[in-house]
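Okay, so here's the structure we're looking at.
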Amino acid sequence: ARQSEQRVTALLAGGHDVALQALFRSAGLAPATHAIMLRALKIWREVANGRRLAGVQEVSWLMLKELGGQSAEGDLAGLVKSIHLDALRENARGHALAIAAA
C-alpha cells in the first residue's frame, strides 16, 4: 500500500470495513481474502481491547469458518488450516508439559 506506516497502523487498529477493504485492494490482496482478513482483525481488536480472550487457535478456527469450514478448499483455506493445526499442536504440547510438570 502506498500509505504511511502510521496510517496503515491506524486503519488496522480502528478503521472501518470500507477503509480496510480499500487498504487491502491497494496492497494487492485478492477480494476473496477481504472477508477473512476483516474477521481476524475484528477478533484481534477485541482481544487487544480486553473484550475477548482468544489466541491463534480460536482466531484461525473462526477464519476457517468464514471460508466455509473444514471442507473449504484453495490456497487460502490450506494456509488457514495449516495455521490452525500448528496452533492445536502447540496448545497440546503446552498442556502436556503442564501435566508432566504437575
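Using the working numbering, the first residue of the sequence shown is number 250, and each one after it goes up by one. Ideal Cβ positions, reconstructed from N, Cα and C, are used throughout, including at glycine.
Excluding five sequence positions before and after Thr282, the CB atoms of its chain that fall closer than 8 Å to its own CB belong to Phe273 and Leu325, given in chain order. Taking the Cα positions, Arg342 is about 14 Å away from Ala351. The straight-line gap separating the alpha-carbon atoms of Lys291 and Ile332 is approximately 18 Å.
For Gly317, no alpha helix (DSSP H) encloses it, and the DSSP letter there is neither H nor E.
Annotation for Asn340: the continuous alpha helix (DSSP H) segment containing it runs Asp324 to Ala350. Closest in C-alpha terms to Val329, from the list Lys314, Glu339 and Gly299, comes Lys314.
Across the structure, Gly323 and Ala284 are spaced so that their CA atoms are roughly 15 Å apart. Non-local C-beta neighbours of Met312 in its own chain, meaning closer than 7 Å and more than five positions away in sequence, comprise Ile285, Arg288, Ala289 and Val329, ordered along the chain.
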